[in-house]
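Here the structure is laid out as structure tokens; the discussion comes afterwards.
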Amino acid sequence: MHLRIPLATLLFLIAFCTAPEMSRTTLRAADSETAQNATTLFELGEGKESKYGFRIPALARTNSGTLLAFAERRLGLHDHAENDIVLRRSLDGGRSWQPLQIVAEAGGDSLNDPCVVVLDSGRILLRYTHFPKGVHARTTKHTVIAEPGYGGPKNVRLFLTHSDDDGKTWSKPRDVTRDMRRKTAISVGSPGAALQLTRGPHQGRIVFPNYEVYHLGGDKRKSVNSVSYSDDGGATWKLSETIAEPGPKGFGNEAQLAELAGGGILLSARDQEGGTFRKLSVSSDGGETWSPHRLATDLLTPQCMSSVMRYSWPNDQQAGVLLHTLPHTKDKRANGTIMISRDEGKSWKPARVIVPAGFEYSCLIRFPDGDIGCLYETDHCRSIDFQRLNAQTILGDQ
């Protein structure tokens, strides 16, 4: 496809993308040891005709050790720009990366919010949301708002695809809309990572985080959090109850999950149109029901998707550790920080700043040797970087 861009737009893109890249290079030269080790996997200017931007990272490590770094490839920078789901793989722990491959594409439609989980069987599940061309979960200058229901031209769908060969090839996508989206919602999704429970009475259950969007009329909408779960390896799915909001202001949006020591699940959600903290909820029955959201005032952050994961389990000698990456400021997506909890998510404190500059969406993994992998967006041009972080560097003084 040949795309004609007006000269004024082209000059704007050149100016927009050049300045942040210069500042990023300068910062990396002066940054800590961690930021110097960053590898850029996706950035504006790659691909045919050099028109693509990249957003929305998702990261996984397969059972055999292959790293899978997913993103949305966008023909432009806005949310619905004929997005494809793309992947780069590393066979050596993140030291080198294979060329970009397309996992899913849909012509002029947009595929959003890649969310990945590696099952104990070795199968990799990837979920994404399919928006028809010109349709979004809100009204913008590019789009009209989606409609509730199934099967219509303005209905948003969800798809699952899987790989049984460490991400080399992927199955034909399967439509799971009716299992994962209530008929009255206009869209459902959440990017990053899902999980498979490893302990407790629901061991083996697969759980995907959700934010369900509802149209309230005009330009008004709200979202609520829930999860989709499966007890048969992903063949069938159920929706949990939605998570109650404790106050009149703000609502949960993009969410991520971590398994808790007592067999529960922690859900951490972006606070949309609310305050400057994360919203946290806990399930004690494998994700079927949830406590009302609470504002975690020790997780200061602007409205942004963020990653949370179980790093270690408690034992007789020490408490377990949860890690949370986020832009740790009140009003800017910057100061990328790893937060740590040693009391199963009840309280948090900063462990280390890993990116002092621009830091937006992120996704975490743990390596067998204890190292931490982080895939994250940086700077306004929507580049996506990977860091492999030494555990002692991050957690040594905690």
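Numbering of the sequence shown is given in full-length UniProt numbering, commencing with residue 1 and proceeding in unit increments. Quick reminder that beta carbons are idealized off the backbone N, C-alpha and C, glycines included. Every value quoted in this text rests on a predicted model; they were computed, and no experiment measured them.
In the DSSP assignment, the alpha helix (DSSP H) including residue i goes from what residue to what residue?
i	result
Gln-392	391-395
Hey, could you find the ends of the beta strand (DSSP E) residue i is sitting in?
i	result
Arg-157	157-163
Asn-335	334-341
Cys-304	Run containing Cys-304: none; DSSP gives neither H nor E here.
Arg-205	Unbroken run through Arg-205: none, as it is neither H nor E.
Tyr-376	372-378
Ala-255	251-259
Asp-369	Here Asp-369 belongs to no beta strand (DSSP E), and DSSP marks it neither H nor E.
Thr-62	No beta strand (DSSP E) holds Thr-62; DSSP gives it neither H nor E.
Ile-243	Looking at the DSSP string, Ile-243 is not in any beta strand (DSSP E), and its letter there is neither H nor E.
Lys-220	220-230
Asp-113	110-118
Pro-327	321-327
Leu-267	265-272
Gln-101	101-104
Can you give me the Cβ contacts of residue i inside the same chain, cut-off strictly under 8 Å, excluding the 5 residues immediately before and after it?
i	result
Gly-134	His-80, His-142, Thr-143 and Val-144
His-215	Ile-145, Ala-146, Glu-147, Pro-148, Ile-186 and Arg-221
So residue i packs on residue j, CB below 8 Å; how close in whole Å?
i	j	result
Ser-268	Gln-256	6 Å
Gly-336	Phe-359	3 Å
Pro-148	Thr-184	5 Å
Val-207	Leu-158	At roughly 15 Å, the Cβ-Cβ gap does not stay under 8 Å, so Val-207 and Leu-158 are not in contact.
Arg-388	Tyr-311	With 8 Å as the limit, Arg-388 and Tyr-311 do not qualify as a contact, their Cβ atoms being about 15 Å apart.
DSSP three-state call for residue i: helix, strand or coil?
i	result
Arg-178	helix
Leu-68	strand
Thr-198	coil
Leu-91	coil
Lys-349	strand
Gly-192	strand
Pro-173	coil
Asp-284	The question names Asp, yet the displayed sequence has Ser at residue 284. Three-state DSSP puts Ser-284 in coil, outside helix and strand.
Asn-210	strand
Ala-38	coil
Asn-315	coil
Arg-123	coil
Asp-84	strand
Phe-359	coil
Leu-77	coil
His-142	coil
Gln-387	strand
Kindly list the residues whose CB is nearer than 6 Å to the CB of residue i, restricted to its own chain and excluding five residues on each side of it in sequence; keep chain order.
i	result
Val-308	Gln-256, Ala-258, Ser-268 and His-324
Thr-39	Phe-386
Leu-326	Thr-301 and Ser-306
Trp-290	Ile-243, Ser-281 and Ser-283
Asp-219	Thr-139
Gly-274	Lys-249 and Gly-250
Asp-179	Trp-237
For residue i, list the residues DSSP reports as bridge partners.
i	result
Ala-185	None, per the DSSP bridge assignment.
Ala-296	Arg-278
Lys-51	Per DSSP, none; premise fails for Lys-51.
residue 465	Any question about residue 465 goes unanswered here, given that the chain covers just 1 to 398.
Leu-364	Cys-374
Who are the Cβ neighbours of residue i in its own chain at under 7 Å, not counting the five residues just before and after it?
i	result
Asp-31	A caution first: Asp-31 carries a pLDDT of 43, below 50, which makes its placement in the model too unreliable to give a value.
Arg-73	Gly-47, Tyr-52, Phe-54, Asn-83, Asp-84 and Val-86
Asp-109	His-130, Phe-131, Pro-132 and Lys-133
Pro-153	Pro-132
Between residue i and the ligand COA, is there a pair consisting of the residue's CB and a ligand heavy atom that are separated by less than 7 Å?
i	result
Gln-196	This structure lacks the ligand COA, and indeed carries no ligand of any kind.
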